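FYI, the numbering for the sequence shown is 9 to 159, going by the working numbering.
A virtual CB, placed ideally from N, CA and C, is assigned to each residue, including glycine.
Quantities reported herein were computed from a predicted structural model and do not represent experimental measurements.
What follows is a single structure, written as structure tokens, with notes after it.
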Amino acid sequence: MNLNFKNINYTSIFLFIIFLFFIFINYFIKSNLVYAGQVYSEIKKTDSSEQLFDSSETKIEFLRSKIDDLSRKRNSILKEINRIEETLSFHLKIRSKKNPNASERNSSFLKFQISFLKEKKSSLKKKLYEINLEQIDLEIQLRKNIYSLKK
């Protein structure tokens, strides 16, 4: 059996050696990145820490961070809805004045802006409703996890 090693590319050998080096590092260094809330933190694995590592506590923290994110989204959507309502009321006041010197083009543009703002407001309200439902669901899951942790 005659093996021809002349056809093997040196870069493939080099990449294979790097691959083995990364496997070697990962096997002997027992540290991993763990998602904790909104940041990644590094923990060192030992036999005792793996036994003490409680997944239910991490689930609780994860659920709390999700609930906080949803409440921030809800607040930003509420601010956006308030801004749209102010703009909409301003446009409706302009429309109610009915300036006789206003051109047809300006009035049609104003109608378009009013309809666009109404559609945007309704879509934001739908999104707000979905966020509220998701937040309620996460709060129920959080209560279940806390209750199971207490038992």
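Euclidean distance between Cα positions of residue i and residue j
i: residue 9; j: residue 19; result: With a pLDDT of only 46 at residue 9, under the threshold of 50, the placement of this residue in the model should not be trusted; the figure read from the coordinates follows. Rounded to whole angstroms, residue 9 to residue 19 spans 25 Å at the Cα level.
i: residue 115; j: residue 103; result: 8 Å
i: residue 143; j: residue 22; result: 51 Å
i: residue 152; j: residue 72; result: 13 Å
i: residue 139; j: residue 17; result: 55 Å
i: residue 137; j: residue 28; result: 51 Å
i: residue 131; j: residue 88; result: 11 Å
i: residue 129; j: residue 82; result: 14 Å
i: residue 78; j: residue 148; result: 14 Å
i: residue 80; j: residue 33; result: 40 Å
i: residue 127; j: residue 133; result: 10 Å
CB of residue i within 7 Å of CB of residue j, strictly
i: residue 96; j: residue 125; result: yes
i: residue 146; j: residue 75; result: yes
With a cut-off of 8 Å, do at least 3 Cβ pairs link the region 137 to 157 to the region 115 to 125? no
Count the C-beta pairs between the region 91 to 99 and the region 66 to 82 that are closer than 8 Å, then say yes if the count reaches three, no if not. no
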